[in-house]
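Residue numbers (this note's numbering): 72 to 858.
Ideal Cβ positions, reconstructed from N, Cα and C, are used throughout, including at glycine.
Have a look at the structure below, then the notes.
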Amino acid sequence: MSKKYILEMFPYPSGNIHMGHVRNYVIGDICARYHKLKGDEVIHPMGWDAFGLPAENAAIQFNTHPQDWTLKNIQNMKSQLKKLDLDLDWEKELSTCEKNYYQCQQELFIDFYNSGLAYKKDALVNWDPEDQTVLANEQVIDGKGWRTGAVVEQKILSQWFFKITNYAEELLHGLDELTLWPEKVKTMQKNWIGKSIGAEINFEIFEKNDQLNIFTTRPDTIYGATFIAISVNHKLVGKYLNNNEINNIKKTFAQSTDEKEKIGFLTGIECKHPINNKKLPVYIANFVLDNYGEGAIFGCPAHDERDYEFAIKYNLQIIKVIECDDDQLPFTQDGKLINSPLVDGLKKTEAIIKITNYFEEKNIGKRSINYKLRDWGVSRQRYWGCPIPVIYYEDGSYRVLEKSELPVLLPYDVDLNGKGNALLNHDNWRKIICPKTKKIAFRETDTLDTFVDSSWYYIRFLDNKLGTPFNPQRVDEYLPVDKYIGGIEHAILHLLYSRFFMKALRDIYKLKVNEPFQQLFTQGMITHKTYRTQKNEWVMPKDVISDRGKLIRDKTRETIEEGPSEKMSKSKKNVIEPDEILSNYGIDATRIFMISDSPPDRELEWTDEGIQSSKNLIRRIERYFTINKTSLKEDTEKMVEKFVNNIEKNILNFSLNKCVADIYTLFNYLEKEKIYLNNNEISKKILICLHPIVPKMSSNLSKRLFNDDIITKWPNINNMLLIENSINLPIQIQGKLVTTIETEKGYLEKDILKSIYKIDKIKNKLHDRKVVKIINVQDKIINIITD
RNA sequence: GCGCCAGUGGCGGAAUGGUAGACGCGCUGGUCUUAGGAACCAGUGGGCAACCGUGGGGGUUCGAGUCCCUCCUGGCGCACCA
């Protein structure tokens, strides 16, 4: 018996499940049920990603408590999930807001700290003014908060970080092992990690006992350097400019309306070119990123578009060091180096090696690898999260608690109406006497990013009631998750964090597992047409009716305009409520529709016709099995065997839309040929194969027909029955199809040619042409080549 | 700009380099009516035909929707990453 850990991304308990959840969980359920019937030891748990801001917002809005709100939602969503007939291991259920769970997470935090993977530093952080909290780099999209869409501000705060950068290289290389992950997700992670190979160069500063480090991927173009540019947040800026000047520069940068406009300010300092000692002016420039590399660049205008634009604007020298025409500047392609005494005549790769070696010899630079990936900032200034197990003393020093001092419980009695973090305002909770030193101390009031919660829940499922986070032996036995199914929106955040966690825990606990998820399947979203009134009000699909060929709003009879199909969203009101669908069409039809119209990894458009025809199919199968007689044909067994084989293959490939086609094909055949199976053994096979997809109908029918639970074991396939003896052989002339002939497999080429040449169509085509060659792909095709 | 993915009937989609369009939706005609959110039968890529058809153009091959090159279009991701 082999284990199969099948997992769907656990939901945030927002109150109600939506169609996206239904699709996600139906896909996983089909898979899990299939493997169970195959006799595998299936783990298929479900839980709740229960911490997070919406609970706090709801608490304020509805005058409730985040915990009460969350627990109530969980209860409701659980009952909704139960209606979907999902075969879940409910005894493994967990919720990240349970004391049990977050206490373990506090233990992990302590482990991380003791291993040097958690640390605190002052950092320029992304501040989401709406949520009043810090966001990780990954959580800022286009300068806006991933959840709120508010423009993110920069603030300096003392924050906890996880050292994900320790694993940058392994996170990158590990992607190669993940052969069952979508390429797309791997590419996104690769780009996010952003590895660049180059060199670090130290520039001396004239007349100051100071130096400036620069990371570059193009040390070969060093002779073309004509200026230096640094970020306004670079540490040298504070040294040589006063606050007033710095603020003015920042202001000017912020006021620029064109994001790509290059703006620079001279600092007054100059760097020494590391080879020819020329003076290079140092600018503060808005296009230099402070969180990448060293926050400084050398400008080589002839061979970099940005530097070129900057040099033109500030009238800086442009020195060509790669052979090209002047009108090709900036020339960024590979070429032969010129005006570079050390590397003249070389190509880029060789020049890079030679220059870097030179720097290393002279001790003015070295080979360097740079990653875009930053350490993961995990502090959140919010109440409804896992408290960070740290206390601070009055002198500003802090102590990470010991495991024996856990848990740090979230207080229930909080005032959420105040500004900022409710924990910070809760003096009774915050102020303590340190049990070790007996000194006055204050608890850390930041809580952990909820992405921490979801970085290890798949491990916790294995032993959800254990006093420690997990049992290492069981982790090695049951991880990785064999099939992980969820939305692609987690391609970077959740999936990268989880991979980091798995590797960190592996190193701390000496586990064998390297990657948390062996196969990743990203299901597509569900879309629906959008409807709006002429006043631009969105209208829900169920409120739109057709009236003499026109769409109108049911209640007000306003004219409705139909818009394109878009992802179901509350804001556009193009949502279909699972509860209503389930009560109108039933669970089996809903499950069928979730997989029928498109492959599971593509988007699925919700249509009334689609759900209706799914329902019709269910009724058709039920009707078929009411026919109380038995009549078989010679090839019936064969057809059913093919059906079993196809369903199995298609479930394993996640080609679930083809499973639906297989079902139609089978019943089209049975009905057309007037074959009735009644309670024949063949019916058993069919019902078992239908079971993963439509479990309710399959169970009901099997009870009715067999008075017994026959859904126990997936049928063994008799390969002999899959072999086709007679085939329809295509005959081509010059590679073009002319006709097909019925024949037995294993025909002799010369025999079959005799009968082919007798066919009129062939005779006519060939008439006086000479046959020069016969391509016979045995049992597949015959191609006649003429001159 | 860079990267990835995808372009197949009216629509959703099938096709280990070997009969393009499985299966479904829709549509057309018909049947049955205990008028249904039915069901059943026949048909449904284009063209009267020979033939032509998988975004355009090249190529490889006996044979290309599938492989290679190139261009176009659309989607997604990243984006001043030095």
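| Item | Value |
| --- | --- |
| LYS407 versus GLN399, GLY416, LYS767, residue with shortest Cα-Cα distance | GLY416 |
| Closest Cα partner of PHE541 within the set TRP527, ASP553, VAL552, PRO551 | TRP527 |
| Burial state of LEU723, where buried means 16 or more other Cβ atoms lie within 10 Å | exposed |
| Residues near LYS600 by beta carbon distance below 6 Å, same chain, minus five either side | GLU633, SER636 |
| Three-state secondary structure (DSSP) of LYS720 | helix |
| Delimiting residues of the beta strand (DSSP E) encompassing THR287 | 282-287 |
| Whole-angstrom distance between ASP398 and ALA373, CA atom to CA atom | 11 Å |
| Status (buried if at least 16 other CB within 10 Å, exposed otherwise) for ARG289 | buried |
| Beta-carbon spacing of GLN589, PRO543 below 8 Å | no |
| Closest Cα partner of TRP447 within the set PHE572, ARG624, PHE402, TYR83 | PHE572 |
| Sequence-distant residues of its chain with Cβ nearer than 7 Å to TYR747 (five each side left out) | ILE698, LYS700, THR701, SER702 |
| Stretch-stretch touch, CB-based, cutoff 8 Å, three pairs: the stretch 182-192 with the stretch 205-214 | no |
| Nearest-angstrom Cβ-Cβ length linking PHE286 and GLY269, presumed shorter than 8 Å | 6 Å |
| Distance, CYS342 Cα to GLN282 Cα | 8 Å |
| Inside the stretch 342-416 only - beta strand (DSSP E) runs reaching at least 3 residues | 350-356, 367-370 |
| Candidates LEU195, ILE846, HIS244, LEU761, of which the one nearest ILE663 by Cα | LEU761 |
| Contact between the stretch 256-266 and the stretch 290-301 (3+ Cβ pairs under 8 Å) | no |
| Counted within 10 angstroms of its Cβ, other Cβ atoms place HIS244 as buried (16 or more) or exposed | exposed |
| Start and end residues, alpha helix (DSSP H) containing VAL93 | 90-108 |
| Inter-stretch contact at 8 Å, needing at least 3 Cβ pairs: the stretch 547-567 / the stretch 510-519 | no |
| Residue span of the alpha helix (DSSP H) that contains THR661, given as start and end | 649-667 |
| Proximity winner among LYS836, TRP785, ASP779, relative to ILE802 (alpha-carbon distances) | LYS836 |
| Where TYR602 sits in the DSSP three-state scheme | strand |
| Through-space distance from ARG451 to LYS474, alpha-carbon basis | 22 Å |
| Cβ pair count under 8 Å reaching 3, the stretch 109-122 against the stretch 75-83 | yes |
| Secondary structure, alpha helix (DSSP H): runs of 4+ residues fully inside the stretch 793-853 | 820-828, 831-837 |
| Minimum C-alpha distance to LYS153 - residue among THR135, ASP100, ILE181, TYR173 | ASP100 |
| Assigned exposure category for ASP838 - 16 Cβ within 10 Å defines buried | Looking at the sequence itself, residue 838 is His, so the reference to Asp does not match. The residue is exposed, with fewer than 16 neighbouring Cβ atoms inside 10 Å. |
| Three-way DSSP call (helix, strand, coil) for ARG501 in this model | helix |
| Length of the line joining the Cα atoms of PHE133 and LEU737 | 53 Å |
| Contact set for MET611: own chain, Cβ-Cβ below 8 Å, skip 5 residues either direction | TYR602, LYS644, ASN645, VAL646 |
| Per DSSP, the bridge partner or partners of SER526 | Answer by DSSP bridge pairing: none, since SER526 is not bridged. |
| Rounded distance between the beta-carbons of LYS443 and ILE264, thought under 8 Å | 7 Å |
| The stretch 84-96 touching the stretch 141-159, judged by at least three CB pairs closer than 8 Å | yes |
| Paired residues, beta bridge with GLN225 - DSSP | ASN197 |
| Span of the alpha helix (DSSP H) around ARG690 | 679-695 |
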